[in-house]
Each structure stands twice: as C-alpha cells, then as structure tokens.
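Enquirer: Numbering (my numbering), first residue to last: 12 to 475. Sharing a structure below in structure tokens format, with a few things to ask.
See the structure below:
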C-alpha cells in the first residue's frame with residue numbers, strides 16, 4: 012500500500028538560541044527539514060505530512076513548493092505521541108505503512124526509509140524502531156530484544172544499569188514505522204501520566220504488545236543516519252559529515268579536489284569527470300558543472316548550468332548558464348538569468364545581469380552589463396556600462412556582432428549598436444549606431460601651456 016511519511020517539525024529547538032525553528036536551520040544549502048522530506052520522497056512516500064508548530068508560517072512557506080508535502084499544525088506541543096495523533100487526524104491517515112521521522116535528521120538515506128516502511132508492510136510486524144550503534148551511546152535509549160528478535164522494551168538512559176549500558180548496544184534513533192491501521196486504532200491509548208504530562212510515541216511499543224502485536228528493529232549500518240542536531244555545534248558536525256559523504260562520492264565519480272575540507276557541494280548538484288574543484292568553492296541548489304572544468308578558488312554557484320571546459324575563478328553565479336569554453340574571473344558576478352555563450356570571457360570586477368554575452372565576446376574588466384543582448388566577437392573596453400535603469404523601467408541594450416566598444420563608455424538604454432560598429436573611448440551612447448559606423452562623443456581637447464605651474468605659484472603666494 013502507499014507509504015506515508017510523518018515528519019515531526021513542531022519543536023522550537025531552544026538550544027539553537029534562535030528566532031527561527033530548529034528545522035529551518037541550514038545544513039549545506041538547505042534547511043534540515045528539506046533533507047528529511049527529500050529522503051522520504053525518494054524512498055517512495057506518496058504523502059509527506061509535516062507537523063509544524065513553532066514558526067509554523069516559516070516552515071510552511073519553505074515547504075510550499077515541495078512535491079507530496081502537506082503541513083498539519085500542532086497548536087499545543089504535548090509530545091511526540093500527540094504530534095502523531097494530530098498528523099493522523101489532520102491528514103486523515105488510516106492505513107498503509109507510516110514512517111515517522113524527526114525533522115532534524117538530515118543524513119538519513121532514502122534506502123533506509125524504504126527499508127523502514129517495508130518492515131511493517133507485510134503485516135508481520137505492527138511497528139519498527141530505527142536503531143543504530145554510535146561510538147558513544149550515552150544519552151540514547153537502549154533497545155532490549157526478546158529471544159525471537161522482536162523488541163522487548165526500550166530502556167531510557169536515566170534508567171540504564173551499568174550492565175545494561177554495557178550490554179545493550181542497539182540505540183533508539185527516535186524514528187518509528189507503523190502499520191497505519193493499527194497506529195490509527197491505538198494512538199489514542201497513549202497517556203500522559205509522566206512528569207512532563209506529555210504523550211510519548213515510544214509508549215506505542217508497549218501498547219501494541221498488549222494487543223498481541225510485535226515490534227521489530229531496522230538497524231542503520233551507518234550510525235550517522237540517525238544523528239540529529241539539537242544545537243549549533245551538532246549542526247556544524249552534521250554539516251561536516253554531509254560534506255564528507257558528498258565529496259567522497261564526487262571524487263569516486265572522477266572529480267578532483269585539492270582539499271575536500273574546503274569544498275561544499277549541495278545534494279542536488281552534479282559535477283562531471285575530470286573537473287577540478289579548488290578551495291573555498293561552494294556549489295548550491297540545482298547547479299550542474301560539466302567535464303574538465305576548473306572551479307575556484309573562492310567561487311560560489313547557485314542554480315547554475317555550466318558546460319564543459321569552463322574556468323571560473325573567484326566567481327559568484329546565481330541562476331546563470333555558462334556555455335563551453337568560457338573563462339570567468341577573478342572577482343566576477345553573474346546573476347539574474349545571464350547567459351554566457353561558448354568561448355566568451357568575463358573578466359576581473361565584471362558584473363553581468365539578465366544579459367546574453369555572445370560567442371567569443373569579451374568583457375575583460377571593470378564593467379557592468381545589464382539587460383543586454385550582445386552578439387559574437389564583441390570587445391567591451393574597461394570601465395564601460397549599460398545604463399539600463401531610468402528610475403522606473405529597465406531598458407535593453409542591443410550590441411551586434413564584432414562591435415568594438417572603447418573604454419569608459421556609457422551605453423544609455425534603450426539603444427542599439429549595429430554590427431561591426433566602433434565606439435570611441437569615453438563616449439556616452441544615447442542614439443542608435445548604424446552598422447560599421449564610428450561613434451565618437453567627447454568634448455574637444457583643450458591645452459593651456461604653463462597653466463599648472465602658474466596656478467601652483469599663485470596658491471603658494473596666497474598662502475604666504
């Protein structure tokens with residue numbers, strides 16, 4: 012039957028010392044909760060019910076465009092058992108495998124979620140507990156197994172005897188899978204007779220046992236999948252672990268990293284073979300980088316498409332397309348749908364926004380090109396800009412093929428410069444330039460012999 016994932020994301024996360032809910036803190040390029048919903052979606056969950064509470068509007072807004080995700084609000088935070096009951100009732104979940112995951116569990120793999128769901132899908136077990144064996148088990152509940160391999164009970168850390176602490180190596184990762192029909196039928200039996208007067212989901216193990224149903228375990232071979240983040244130090248450690256996992260995979264696929272500790276790559280990024288990622292490179296979002304590229308140092312790309320044989324040095328790119336053989340940087344900024352065509356060069360201290368840079372064209376240094384369509388073989392002299400904003404509207408500049416624009420030129424849009432035209436340095440282009448024409452706009456040069464010396468002498472005399 013279709014699998015449902017319930018993600019518990021209502022907590023405040025007080026140890027984060029933040030105005031934002033814990034699950035909205037980012038690991039690499041995305042909030043913690045999105046790592047969990049992504050794993051559930053890739054595991055085959057057809058419904059993902061996120062229980063929101065503290066900062067509900069912020070979490071809802073972030074998840075609004077995620078596929079299969081719906082949010083249910085827990086207005087009173089009365090424990091994990093209460094949160095699951097709110098999710099079941101709010102989303103009308105009554106059957107099928109139900110996997111319950113914590114919203115701060117970013118390293119869990121889709122295959123683990125799938126195996127978790129499968130463990131209760133055939134009717135053999137009513138529930139399953141996700142377990143792990145961390146190097147230091149202190150603080151985790153220990154799972155005691157019966158002779159038949161089913162769960163006998165969960166022993167919390169505070170209740171562990173020294174012998175139990177040494178012998179019980181299966182630690183509860185805090186995630187559960189249930190037969191949805193049994194969960195819906197018995198979730199109302201979870202009580203709050205405890206010091207905190209909260210409804211605890213682990214109590215479902217004993218409740219189901221009382222009804223004659225068995226609970227099994229699904230063990231994480233990699234204990235890191237069960238680690239959560241309760242404070243910023245733990246978040247930093249999880250970020251390091253995710254960084255290692257992704258970078259190791261990329262290097263296994265043929266990507267070179269001079270120092271993997273100084274390269275950060277998001278989970279949806281793709282990088283081609285024989286590409287070199289230099290220190291202080293960050294690749295975020297849906298970025299894809301082709302083969303035999305050099306990216307970095309000090310480069311950040313977000314939602315960019317980069318073809319083969321591209322060199323990007325000290326470059327920031329956001330939502331841009333860079334074709335084959337482009338060179339860019341150092342200290343370049345490309346944004347807003349810019350498209351740099353094959354063989355073009357974008358140089359030092361250059362910003363490109365919402366513009367097409369033609370094949371083989373060059374914008375070498377100290378220039379701003381915004382809202383421009385540029386042809387092939389164009390050369391833009393240093394210090395030149397397209398004046399695209401009139402205070403109300405953005406206007407376009409069109410530059411034909413093989414145009415030469417001299418340094419320190421202002422192109423006041425809307426304006427068109429025809430193929431093969433030559434624009435003299437220090438011009439202000441306010442009218443269209445015909446093809447193959449010379450455009451020259453500057454004041455007549457004036458020289459006054461001896462003026463500087465006479466002025467200096469006058470100033471000294473005035474001072475005396």
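Note that beta-carbon positions come from the ideal geometry of N, C-alpha and C, so glycine has one too. Keep in mind that this is a model prediction, so the values were computed, not measured.
Look at the alpha carbon of residue 339 and the alpha carbon of residue 303, and state the distance between them as a whole number of angstroms.
Expert: Going from the Cα of residue 339 to the Cα of residue 303 covers about 15 Å.
Enquirer: Closest by CA to residue 126, which one among 157, 166 and 186?
Expert: Closest by alpha carbon: 186.
Enquirer: If you draw a straight line from the C-alpha of residue 244 to the C-alpha of residue 294, how long is it?
Expert: One C-alpha to the other measures close to 23 Å.
Enquirer: Which partner residues of residue 165 appear in the DSSP bridge assignment?
Expert: DSSP lists 154 as partners of residue 165.
Enquirer: What residue does the alpha helix (DSSP H) around residue 262 start on, and which one ends it?
Expert: Element bounds for residue 262: 243 to 263.
Enquirer: List the DSSP bridge partners of residue 339.
Expert: Answer by DSSP bridge pairing, in chain order: 323 and 357.
Enquirer: Quick check on this structure: which residue in 85, 122 and 139 has the alpha carbon closest to the alpha carbon of residue 160?
Expert: Of the candidates 85, 122 and 139, the one whose C-alpha sits nearest the C-alpha of residue 160 is 139.
Enquirer: For the 8 Å Cβ check, are there 3 or more pairs between the stretch 113 to 125 and the stretch 156 to 170?
Expert: No, they do not touch.
Enquirer: Counting only runs of 3+ residues fully inside the stretch 405 to 458, write out the beta strand (DSSP E) ranges in chain order.
Expert: Qualifying beta strand (DSSP E) stretches, in chain order: 408 to 410, 421 to 423 and 426 to 428.
Enquirer: So what does DSSP say about residue 475, is it helix, strand or coil?
Expert: Residue state, collapsed to three classes: coil.
Enquirer: What is the residue span of the alpha helix (DSSP H) that residue 173 lies within?
Expert: Segment 173 to 178, the alpha helix (DSSP H) holding residue 173.
Enquirer: Would you kindly report the start and end of the unbroken alpha helix (DSSP H) that includes residue 197?
Expert: Residue 197 -> alpha helix (DSSP H) spans 191 to 197.
Enquirer: Who are the Cβ neighbours of residue 385 in its own chain at under 7 Å, not counting the five residues just before and after it?
Expert: 366, 367, 368, 369, 372 and 410.
Enquirer: Around the Cβ of residue 188, are there at least 16 other Cβ atoms within 10 angstroms (buried) or fewer (exposed)?
Expert: By the neighbour-count rule (16 or more Cβ atoms within 10 Å), residue 188 is buried.
Enquirer: Please identify the residue among 358, 67, 310 and 287 whose C-alpha is closest to the C-alpha of residue 268.
Expert: The residue with the shortest Cα to Cα distance from residue 268 is 287.
Enquirer: Taking 6 Å as the limit between beta carbons, can you name the residues of its chain near residue 414, skipping five residues before and five after?
Expert: 389, 428 and 432, listed in sequence order.
Enquirer: Using only alpha-carbon positions, find the residue among 36, 54, 40 and 99 that is nearest to residue 60.
Expert: Selected option, being the one with the closest Cα: 99.
Enquirer: Within 8 Å, do at least three Cβ pairs link the stretch 130 to 139 to the stretch 63 to 72?
Expert: No, because fewer than three Cβ pairs between the stretch 63 to 72 and the stretch 130 to 139 fall closer than 8 Å, the two stretches do not touch.
Enquirer: Express the C-alpha separation of residue 52 and residue 120 in angstroms, rounding to a whole number.
Expert: Taking the straight line from one Cα to the other gives about 11 Å.
Enquirer: Does residue 364 come out as helix, strand or coil in the three-state DSSP assignment?
Expert: Three-state DSSP puts residue 364 in a strand.
Enquirer: In whole angstroms, what separates the C-alpha of residue 190 from that of residue 124?
Expert: Distance between the alpha carbons of residue 190 and residue 124: 14 Å.
Enquirer: If you count every other CB in all the chains shown that lies within 10 Å of the CB of residue 221, and 16 or more means buried, which is it?
Expert: Residue 221 should be labelled exposed.
Enquirer: Which residue from 430, 446, 424 and 192 puts its Cα closest to that of residue 440?
Expert: Minimum Cα distance to residue 440 is reached at 424.
Enquirer: Return the residue from the list 345, 240, 446 and 218 that minimises the CA-CA distance to residue 201.
Expert: The shortest C-alpha separation from residue 201 is found at 218.
Enquirer: Among 34, 13, 89 and 96, which one has its Cα closest to the Cα of residue 56?
Expert: Answer by Cα proximity: 13.
Enquirer: Is it true that the stretch 144 to 155 meets the stretch 252 to 267, where meeting means three or more beta-carbon pairs spaced less than 8 Å apart?
Expert: Verdict: no, contact absent.
Enquirer: In whole angstroms, give me the CA-to-CA distance for residue 472 and residue 326.
Expert: Straight-line Cα distance between these residues: approximately 53 Å.
Enquirer: Which first and last residues belong to the beta strand (DSSP E) in which residue 376 is found?
Expert: First-last of the beta strand (DSSP E) with residue 376: 373 to 376.
Enquirer: So which of 291, 319, 455 and 84 has the shortest CA-CA distance to residue 299?
Expert: For the residues 291, 319, 455 and 84, the minimum Cα distance to residue 299 belongs to 319.
Enquirer: With three or more beta-carbon pairs closer than 8 Å as the criterion, would you say the stretch 18 to 35 touches the stretch 86 to 106?
Expert: Contact holds: three or more Cβ-Cβ distances are below 8 Å.
Enquirer: Within 10 Å of its beta-carbon, does residue 76 have 16 or more other beta-carbons around it, so buried, or fewer, so exposed?
Expert: Classification for residue 76: exposed.
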